[in-house]
Amino acid sequence: MKSRFLSLLVITLAALAPLALSADPVKTEPVPDKPAATQHVTFGGGCFWCIEAVFQRLKGVKSVASGYAGGEVPDPTYKQVCTGETGHAEVVQLEYDPAQVSFETLLKVFWAAHDPTTLNRQGGDHGTQYRSVIFYENDAQKAAAEKSKAAAQPEFKDPIVTQIAPLTKFYKAEDYHQNYFNENGAGNPYCQVVIRPKLQKLLQKGLIKE
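The numbers in the working numbering rise by one with no breaks, and the one at position 29 of the sequence shown is 29.
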């Protein structure tokens, strides 16, 4: 009797096995891709009030901070940087969303926003603190900056003297330098004579938005 029961059990299990194998596998919902993380890059192109105002008007740029980079003195003040003895350049550090604005577009605006052929000078501003420089944060940015520099050269009569260097440390400038044009543009002659015409030129080229 026991032997007969075991035989029936084996036969039953064998019959059910194909059904188990043919059952649909458990379905799982796909995990949505995480939003692209923002990235940073630091540009120097003369007075940081000018460059800040430009990149604040570019879609995809989440924040712009004026500051100092490329020098030897830790946590420098504006007064120290203005002497030209700290080695720092006036720069802006951008936080941008690469899903909204490419690094190549940022570079295109950078070349158009200042004169990269004048060594340590932009207009009436003279000194190493006003040098043209791109501080990259990774090898991809370095390669893109070098490629963009070569591509931009035919647009200028003189050689581009822009430095391309790794970012070692960025120091945010004093609070009164932040968001400068937006807060002081109407009453500061420098903003009216230097920055506003620059913005108008870039607006006409379609590189930035009002």
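For each residue, glycine too, the CB sits at the ideal point set by N, CA and C. None of these values were measured; they are calculated from a predicted model.
Reduced DSSP secondary structure (H/G/I, E/B, other) of Asp158: Against the sequence shown, residue 158 aligns to sequence position 158. Three-state DSSP puts Asp158 in coil, outside helix and strand.
Throw me the rounded Cβ distance for the Val64 and Val92 pair, which I believe falls under 8 angstroms. The residue given as residue 64 occupies position 64 in the sequence shown. The residue given as residue 92 occupies position 92 in the sequence shown. Yes, they are in contact, since the Cβ atoms of Val64 and Val92 sit about 5 angstroms apart, within 8 angstroms.
In the DSSP output, what is Arg196 paired with across the bridge? In the sequence shown, residue 196 corresponds to position 196, counting from 1. According to DSSP, which records beta bridges pairwise, Arg196 is partnered with nothing at all.
Is it the case that the segment 52-64 contacts the segment 153-165, given that we only count it when at least three CB pairs across the two stretches are under 8 angstroms? no
Which listed residue (Leu202, Cys191 and Tyr171) has its alpha carbon closest to that of Gly67: Numbered from its first residue, the sequence shown carries residue 67 at position 67. The residue with the shortest Cα to Cα distance from Gly67 is Tyr171.
Under 8 angstroms, with one C-beta from each stretch per pair, do the segment 180-192 and the segment 125-144 reach the 3-pair mark? The segment 180-192 and the segment 125-144 do not touch, with fewer than 3 CB-CB distances between them shorter than 8 angstroms.
How big is the Cα-Cα spacing for Ala89 and Thr162? Within the sequence shown, residue 89 is the residue found at index 89, counting from 1. Within the sequence shown, residue 162 is the residue found at index 162, counting from 1. Roughly 12 angstroms separates the two Cα atoms.
Please classify Tyr136 as buried or exposed, where buried requires at least 16 neighbouring CB atoms within 10 angstroms. Residue mapping note: residue 136 aligns to position 136 of the sequence shown, counting from 1. It counts as buried.
On the three-pair Cβ rule with 8 angstroms, is the segment 80-89 touching the segment 102-118? no
Among the candidates Leu202, Asp115 and Glu210, whose CA atom is the shortest distance from the CA of Cys47? Here residue 47 refers to the residue found at position 47 when the sequence shown is read from its first residue. Cα-wise, what sits closest to Cys47 is Asp115.
Where the beta strand (DSSP E) containing Val54 begins and where it ends: In the sequence shown, the residue the question calls residue 54 occupies position 54. Not the beta strand (DSSP E): Val54 falls in the alpha helix (DSSP H), residues Phe48 to Phe55.
What's the gap between the Cα of Ala119 and the Cα of Pro98? Against the sequence shown, residue 119 aligns to sequence position 119. Against the sequence shown, residue 98 aligns to sequence position 98. Per the sequence shown, residue 119 should be read as Leu rather than Ala. Between Leu119 and Pro98, the C-alpha separation is close to 30 angstroms.
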